[in-house]
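K.L.:
Rendered as structure tokens:
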């Protein structure tokens, strides 16, 4: 085996493939009811071609099932044969790609470079020698065998690259000339998950982790807030999700950080979801890894660091903020298909003209930078197509009927205004410009709708008793005067399952009495149930 | 631990980090002499600021050491603390990003979508039950522990996603309407490596794997050749590396394929490197995974499949094709920095004008879509800067001296024409357009130089004795009439270390006698030493 050149090994893992061809792969349907249902639905659709019933639970009745239904029906992801892992299907991955590329552009504009650090981390980087014998941390996946034998030192599959990046920082940083060091990595990470949920909690997930080192505290704190702002802007401008930027309490912050900042979004069931975090790490890591630099006076100083990250759970957030009983609803800026064109020709002799118009419109839209798709499938009814793209959340549908075309226009149906009432006509003349305009409007309206929902589900409460009653009846963000301790937070979580999401950057003026302790305080907090 | 919300787990692997902060990370310099040398060099540079000596071996004397020297000095990658793995540093990763993004665009233009499949593959997918007890395949890394305990079934870290993708294909494909299915994945894969070499052979590497399923053989074969052409075009147009597209012999092909096609490039030491492969898989995988579809006549048929891939070894190829005794030499289309501007002001009163010109030129170039960097570092001499960017292979350097500027031009120094002879002046007027033109010329010249080198190192030989003698004295591509068997190939490899790289798509006219067996044949082959 070792005589093969690398080029062969890349494409000729002979043993593996031959074994696979011989091996009888176990049927997994029995283990994956979701998959089985999905198959059934598809084959029913294939046979009838006009099946209209949506296999989507009512979100008001069963939000949890609704979420899984949308993911399955919109073909965003499938369960993988390994527990807790998922396959991100092309449509789901295209959404992630749009988010990733937009964020990546923002990271580069703010001076960051991407790098790539290894998947495996030596056990000794993570646990102390004594712990080897006791066992492994429950969230870690550990490689014990490789190269055909047991490894002398087990390798941990990275749960984060924190340790390895800091290890490299200590090698790369020597002088003030090497600072600031502004790195980011897009990677897969693994944390063993017992209660998996696609996009929100999976054993393997995709994320980016930014790691930066600075000469002093001011610069590092500035970076921490800059990246929190980058996340806030991205969420608002692209994902159409309003967020509350704030600071985590000591109980909720990252243990290695001096301060953790977060952006908290509200899902349409009133729960919170942490969209991203940005940490000021102080010199904690610099001291642990001995990352020192010589300043211009030749003095040895520790670097001040930050880290910040978002994950594929943002796809889950977009589903839960915007989706409705008809499925996914995508803001145009994160929609793989922004406009779907459905040609409608009932008679054979209408077909050519309608198809030509569809081609012309699609070319015009593409020329204007719009992501457009013509659904020219034969033997599938327009009604089925409407349903197909509605479930997938395509922001704008153009219906091309012969009569409309003869009159010089098409019928437009924006996903965020469902039904007949939402429809309007668009003239063929200048169709690309008007579609651009409509997409901008949809983007704005979706942000506005999410903001209105959040505002109408944000409540001020004065007392803990009031809070306990209300959080059950109407989930949402509870804004309170706050002067509690970590023990108080634990008690609230124990009794109500809610947690202090953040101390918002925008604080209320004046002072008030802590809703729990009654002590006078100038701090307000947001408390909510959270994913 | 399990009570923490996912959001906390993402950023608060408390135990891990606290342990890390306490743990004394082992010093690794003793194990990594390359790293130690590197540190030494850097600190010498930091102190003196003008060190000119390049720590790069002469490629004619020690090609192997030269390769590692270039990677270290150009800061492309560093050895990782885990054997066989590497850290891809920002400059190296930026090169890979440019290659990846260009290829990704080509894949999408040819109708493919990206998806993401899990890192872990159940052991049973890869080996038969009986083999569990015997041990693991030597190229696999195996996770045996996760969630704090030993797994019932070990998980293999993917060496390729072939099995898991085929597993999903069999679920997703039911009808002819589901075809063609055209998927691609960008991912990290792991194959345990005993003789690692950065970019060329690493335990973990980055790659893309395309997997497609089609209704019939013709369509699948067409796809196989289309992707081979995409690779060929990319190598020629972007990497400025001429390649020989051809078919692999049965001995060299991927075991699961009916036919394997390859693009073979020549490195500047005369060795071959397989740049990418495209496989026609026939129905081999369809039968193993039962991937059947109903055709329009309701007949059950197996799909015909292809797969194709390239890896981070393409970065290694670019180093070895274009690099020289001064370091890296990047073709403009894969250069993270295409133009570096070096302001030269010896007197303090010249500084403002020179810096202003640098800013103006950089803005003009950026406006024309050119990746430009102004090296405005103080306390570092122009000579040091020239050297710094030369080692990193930046295609074009603009030197801005006060006298040149006063005369309305700058001095241009293209990386591929080193020294005084290569320099010429460029008028400030229309600098962006002329730089674009110069970059195009450099791109062309680099391809032409690589092609000329390959042509001058491609030899026709008539007999095996002649070949045996020549391959030692002048490594290169040996073009021969070929009618040998797999046993003959094994013998050639045993005796000369050379392998049949491919049977070029462009075959010689007529027939000749096989250089080994003497049998009359119409087939020609390329034989060479290879990475």
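Residue numbers (my numbering), protein chains in the order written: chain A, 1 to 531; chain B, 1 to 531. Where is the CB? At the ideal position from N, CA and C, for every residue including glycine. As the structure is a computational prediction, the values presented were derived from the model and not from experiment.
Using a cut-off of 7 angstroms between C-beta atoms, extract the partners of residue 117(B) located in chain A.
P.N.:
87, listed in chain order.
K.L.:
Residues of chain B with a CB under 7 angstroms from the CB of residue 192(A): which are they?
P.N.:
Within 7 angstroms Cβ-Cβ: 146, 147.
K.L.:
Judging by CA-CA distance, which residue of 217(A), 342(A), 500(A), 118(A) is the nearest neighbour of residue 354(A)?
P.N.:
Of the candidates 217(A), 342(A), 500(A), 118(A), the one whose C-alpha sits nearest the C-alpha of residue 354(A) is 342(A).
K.L.:
Count the CB pairs spanning the stretch 166–184 of chain B and the stretch 134–154 of chain B that are closer than 8 angstroms, and state whether there are at least three.
P.N.:
Short answer: they don't touch.
K.L.:
Is it buried or exposed for residue 496(B), if we count other Cβ within 10 angstroms and need 16 for buried?
P.N.:
Its Cβ being crowded by 16 or more others within 10 Å, residue 496(B) is buried.
K.L.:
Return no unless some Cβ of chain A is closer than 8 angstroms to the Cβ of residue 486(B).
P.N.:
Closer than 8 angstroms: no.
K.L.:
Tell me where the alpha helix (DSSP H) around residue 455(B) begins and ends.
P.N.:
431–456 is the span of the alpha helix (DSSP H), which, as asked, contains residue 455(B).
K.L.:
Measuring CA to CA, which of 410(A), 189(A), 194(A), 518(A) is closest to residue 344(A)?
P.N.:
Nearest C-alpha to residue 344(A): 410(A).
K.L.:
Which of the three DSSP states, helix, strand or coil, is assigned to residue 95(A)?
P.N.:
Of the three classes helix, strand and coil, the one that applies to residue 95(A) here is helix, per DSSP.
K.L.:
By how many angstroms is the C-alpha of residue 425(A) removed from the C-alpha of residue 269(A)?
P.N.:
Going from the Cα of residue 269(A) to the Cα of residue 425(A) covers about 34 angstroms.
K.L.:
Residues of chain A with CB closer than 9 angstroms to the CB of residue 535(B), please, in chain order.
P.N.:
For residue 535(B) there is no data in the structure shown, the boundaries of chain B being 1 and 531.
K.L.:
Taking residue 261(B) as part of the beta strand (DSSP E), name the residues at either end of that continuous run.
P.N.:
From DSSP, the beta strand (DSSP E) with residue 261(B) extends over 259–266.
K.L.:
Along the stretch 443–455 of chain B, what residues have a CB closer than 7 angstroms to any CB found in chain A?
P.N.:
So the list is empty, because no residue satisfies the distance condition.
K.L.:
Just to confirm, is the Cβ distance from residue 338(A) to residue 194(A) under 8 angstroms?
P.N.:
Not closer than 8 angstroms, so no.
K.L.:
Going straight from the alpha carbon of residue 160(B) to that of residue 190(B), what length do you get?
P.N.:
Taking the straight line from one Cα to the other gives about 8 angstroms.
K.L.:
Among the residues of its own chain, which have a CB less than 7 angstroms from the CB of residue 85(A), if the five just before and after it don't count?
P.N.:
Closer than 7 angstroms at Cβ, skipping near neighbours: 202, 203, 204.
K.L.:
Considering Cα atoms alone, identify which of 523(A), 449(A), 299(A) is closest to residue 266(A).
P.N.:
The shortest Cα separation from residue 266(A) among 523(A), 449(A), 299(A) belongs to 449(A).
K.L.:
Going by the CB atoms, is the gap between residue 223(B) and residue 211(B) shorter than 8 angstroms?
P.N.:
No, the Cβ-Cβ distance between residue 211(B) and residue 223(B) is not below 8 angstroms.
K.L.:
Just to make sure I have the definition right: I need the residues of chain B whose C-beta is within less than 8 angstroms of the C-beta of residue 206(A). Which are they?
P.N.:
What residue 206(A) touches in chain B: 116.
K.L.:
Using alpha carbons as the reference points, say which of 238(A), 220(A), 149(A), 115(A) lies closest to residue 183(A).
P.N.:
Comparing Cα-Cα distances from residue 183(A) to each of 238(A), 220(A), 149(A), 115(A), the minimum goes to 115(A).
K.L.:
Would residue 113(B) and residue 92(B) be called neighbours here (beta carbons separated by less than 8 angstroms)?
P.N.:
For residue 113(B) and residue 92(B), no; Cβs fall outside 8 angstroms.
K.L.:
Interface residues of chain A around residue 94(B) at Cβ under 8 angstroms?
P.N.:
Residues of chain A passing the Cβ test: 113, 114.
K.L.:
For residue 470(B) and residue 264(B), I'd like the C-alpha separation in whole angstroms.
P.N.:
Computed Cα separation, rounded: 20 angstroms.
K.L.:
When you compare the CB of residue 64(B) with every CB in chain A, is at least one pair closer than 8 angstroms?
P.N.:
Cβ-Cβ to chain A under 8 angstroms: no for residue 64(B).
K.L.:
When you compare only the Cα positions, how much space is there between residue 494(A) and residue 254(A)?
P.N.:
Cα to Cα, residue 494(A) sits roughly 20 angstroms from residue 254(A).
K.L.:
Of all the CB atoms in chain B, is at least one closer than 8 angstroms to the CB of residue 78(A)?
P.N.:
Output row for residue 78(A): interface = yes.
K.L.:
Relative to the alpha-carbon of residue 402(B), which residue among 385(B), 506(B), 357(B) has its alpha-carbon at the smallest distance?
P.N.:
Among 385(B), 506(B), 357(B), the Cα nearest to that of residue 402(B) is on 357(B).
K.L.:
Distance cutoff 8 angstroms, beta carbons only. Does residue 164(B) sit that close to anything in chain A?
P.N.:
Interface residue, yes.
K.L.:
Would you verify that the beta carbon of residue 141(B) is, or is not, closer than 8 angstroms to some beta carbon of chain A?
P.N.:
Output row for residue 141(B): interface = yes.
K.L.:
Whole-angstrom Cβ separation of residue 242(A) and residue 447(A), contact assumed at under 8 angstroms?
P.N.:
Indeed, because the Cβ distance is near 7 angstroms, the residues count as touching under 8 angstroms.
K.L.:
Between 292(B), 511(B), 457(B), which lies nearest to residue 300(B) when the distance is taken from Cα to Cα?
P.N.:
For residue 300(B), the nearest C-alpha among the options comes from 292(B).
K.L.:
Might you give, ordered along the chain, the residues of its own chain that have their beta carbon closer than 8 angstroms to the beta carbon of residue 315(A), omitting 5 neighbours on each side?
P.N.:
Closer than 8 angstroms at Cβ, skipping near neighbours: 76, 92, 95, 96, 99, 199.
K.L.:
Might you give, ordered along the chain, the residues of its own chain that have their beta carbon closer than 8 angstroms to the beta carbon of residue 287(A), omitting 5 neighbours on each side?
P.N.:
Once the five neighbours on either side are set aside, the close Cβ partners of residue 287(A) are 302.
K.L.:
Could you tell me the distance, in whole angstroms, from the CA atom of residue 432(B) to the CA atom of residue 370(B)?
P.N.:
Near 8 angstroms, if we compare the C-alpha coordinates of residue 370(B) and residue 432(B).
K.L.:
Quick one: what's residue 355(B) bridged to in DSSP?
P.N.:
Answer by DSSP bridge pairing: none, since residue 355(B) is not bridged.
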